[in-house]
Every structure is written in structure tokens, then in C-alpha cells.
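**Student:**
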Amino acid sequence: MKKTWFIAAIAAVVLLAGIAVWLFLNLQEQKVANQEMQELALLDKQEMENEYERFTLQYSEMMTQINNDSLVAQLTQEQLRTQQLLEELKKTKETDAREIARLKKELATVRDVLRSFIRQVDSLNQVNETLRSENSQIRDELAESNRQNVNLASEKASLSEKVAIAAQLDATGITMTPLNKRNKAAKKMKDCKQIQVSFSIAKNVTATNGQRTLYVRIQTPNGDVLTGGTFQYENRQIEYSMKKTVEYAGEEMSVQTYWDVNEYLGAGDYRVSIFADGNMIGTKTFTFK
4 MKKTWFIAAI AAVVLLAGIA VWLFLNLQEQ KVANQEMQEL ALLDKQEMEN EYERFTLQYS
64 EMMTQINNDS LVAQLTQEQL RTQQLLEELK KTKETDAREI ARLKKELATV RDVLRSFIRQ
124 VDSLNQVNET LRSENSQIRD ELAESNRQNV NLASEKASLS EKVAIAAQLD ATGITMTPLN
184 KRNKAAKKMK DCKQIQVSFS IAKNVTATNG QRTLYVRIQT PNGDVLTGGT FQYENRQIEY
244 SMKKTVEYAG EEMSVQTYWD VNEYLGAGDY RVSIFADGNM IGTKTFTFK
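Each position in the sequence shown, counted from 1, maps to that position plus 3 in the working numbering.
#1: Need the endpoints of the beta strand (DSSP E) that Ala215 sits in, please.
#2: Where do the N-terminal and C-terminal ends of the beta strand (DSSP E) with Arg239 fall, by residue?
#3: What is the rounded straight-line gap between the Cα of Met51 and the Cα of Gln199?
#4: Distance check for Glu144 and Gln235, CA to CA, integer angstroms please.
#5: Kindly indicate the opening and closing residues of the alpha helix (DSSP H) around Asp72.
#6: For Lys287, write down the residues that DSSP places opposite it in a beta bridge.
#7: Hey, how far is the Cα of Ser203 from the Cα of Leu106?
#8: Using C-beta distances below 7 Å, list every residue in its chain close to Met179, excluding the 5 sequence neighbours before and after it, in chain order.
#9: Within its chain, find whatever has a CB closer than 6 Å to the CB of Gln240; leave out the 5 residues flanking it on each side and keep chain order.
#10: Expressed to the nearest angstrom, what Euclidean distance is found between the alpha-carbon atoms of Ser126 and Leu74?
#11: Short check: CB of Gly281 to CB of Tyr251, under 8 Å?
#12: Skipping 5 residues on each side, what residues in its chain have a beta carbon closer than 7 Å to that of Leu194?
#13: Which of the three DSSP states is assigned to Lys304 in this structure?
#14: So, with DSSP's three-state summary, where would you put Ile13?
#15: Once you ignore the five residues that flank Val35 on each side, which residues in its own chain have a CB closer than 7 Å to its CB?
#16: Beta carbon of Glu81, beta carbon of Ile141: below 8 Å?
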């Protein structure tokens, strides 16, 4: 009887020890999981702070680009609101999920408001190279803020996805066709009475919709440009042959431009370059007899 009691006691001790070990291991796993969640929440909070700071700097940059007192007042008000939200975020613990969620929602609103102001400022067309030079310090601060955001994003890619801004247009399928007096393709350049340059503007969902002026530049074999006027490119005035204003809506669109020939054009290599928004968006060389 005593032996049976002794065995039962040992079994109970072993069972209790097993339960204790199981509880200990579960607590350790829970502790590790909680620590990982806290680290993730801290990274999320740091990224939000960087975004608020970047938006504040962008308001400062926009205010240097305009002379509209009413718009400056609106920008100042929104900048102060953004700074206030940033201070609230800095005082909030990363474990306060409800407050973090509220400030994340406010951040989305701030982002939308900022985008609307950017469109207004762009429409005023007040930015020039002198102001850009004066704002180099702000741009450096913005670049540093963006770099920090990129570093944070690499550590917590599962939480957020960075949107790369790639708004530059792209000209594809460029063709140059010399036309004779019957409006047919000329076999030789000496018979050319008109030049047709056709191309497509590729689809770009990140580009701003609206009117765009496209410049087409035709360079002859001897290096001259068939001149129709000049436009600014890389801080200087260069010649263009044709220009055309189009309404761009983000989808692929075809464009045709024409040059009336009033001079002798010889055989050789002709280079066609296309520009928009201060950028060269496509170029191609054609050889004609």
C-alpha cells in the first residue's frame, strides 16, 4: 500500500513538473511574441513621425515658391496642424493602439491635404531655378528624411509599401517619315516637302493629368536643327522644330507632328529628340538617302 502511494506521489510530482515546464515554455514564447510586436509597433511609430516631419518640411518649401498671401496663410495653418499632430504622436506610447490608429488616420488626411496644395502651387507656376537654389538646405533635409523612411521600410516591409514616384513621361515608337508633294513617303530627302514625326506617350498612372507641351527637335546630318522656336532645357534655351500641346490623362496616347520643309535637306542621319516637362523623354536616329 505504501509502495503504491509512493509511486502515485512520484507520478504526481513528475506531472506537476511537466506542467510547470510546459507553462514556462509557453510564457517564454508569449514573451518573445510580445517583444516582437512591441518592436514592430515602435518601427511603425517611428515611420509615422518621419512622415509628419517630411510633410512639415514640404509645407516650408512650398511657402518659398509662392507670393500668394492667402495661400501662404492656408499653408501655414496646415503646417501648424501637422506639427501639433507630430507632437501628439511623440508623446504617445507605441503600445497605445487606439491613439496610434487615430494618428495614422490623421496622417492619411494630412497627406491628402498636402497633395491638394501641391497641385495648387504647381498651377501657379512660380518655381524657378533661383528659388530652388535657395531651398537646397530644405531639399537636403527632405532627402535625409526620405532616406530614414527607406531604411525603416526595409526593416518592416510587411507593414507598409513605399510608393515610388515615377511621373516622367516616356515617348515610344518614334518614327520620322519624309513626305513628298503628294503627301506620300518620299524615297529621297531631296524630294521631301514635309516631315512627319509620330510617337506614343506611354501609360503612366503616377504622372499628373492635364495639359502637356511636347517639343520635337530634328537635327540634320550636319548638326543643324530645323528651328521652330526655343524652349528651356537644363538651364539654357535650346531650339525645337515642332511643339504640340496635348491633354494627358495617364493612358497611352498617339501624337503626330509635322514640319514644312522650306530648305534643301540632304541624305544622312537625322536625330529626333522629344521633350516634355523639362526632360528628354525619347530619342531616335534615322538614316535617309
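In this text, a Cβ means the ideal position worked out from N, Cα and C, and glycines have one as well.
**Tutor:** With the structure as the only source:
#1: Just to set this straight, residue 215 is Arg in the shown sequence, not Ala. That run of the beta strand (DSSP E) goes Gly213 to Gln222.
#2: Here the beta strand (DSSP E) through Arg239 covers Arg239 to Tyr243.
#3: Cα-Cα distance, rounded: 52 Å.
#4: Cα to Cα, the separation comes out at about 28 Å.
#5: It spans Asp72 to Lys94 - the alpha helix (DSSP H) in which Asp72 sits, taken as one unbroken run.
#6: Listed as beta-bridge partners of Lys287 by DSSP are Val275.
#7: The straight-line gap from Cα to Cα measures roughly 43 Å.
#8: The residues are Ile198, Val200, Tyr273, Val275 and Phe289.
#9: Cβ neighbours of Gln240 beyond the five flanking positions: Thr233.
#10: Rounded to the nearest angstrom, the two C-alpha atoms are 12 Å apart.
#11: Contact: no.
#12: Reading off the sequence shown, one finds Asp at residue 194, where the question assumed Leu. Correct list, in chain order: Asn183.
#13: Beyond the ends of the chain as shown, which are 4 and 292, falls residue 304; an answer cannot be given.
#14: Of the three classes helix, strand and coil, the one that applies to Ile13 here is helix, per DSSP.
#15: The pLDDT assigned to Val35 is 42, lower than 50, so where the model puts this residue is not dependable; a value taken from the coordinates is nonetheless given after this. None.
#16: Taking 8 Å as the cut-off, the beta carbon of Glu81 is found no closer than this to the beta carbon of Ile141.
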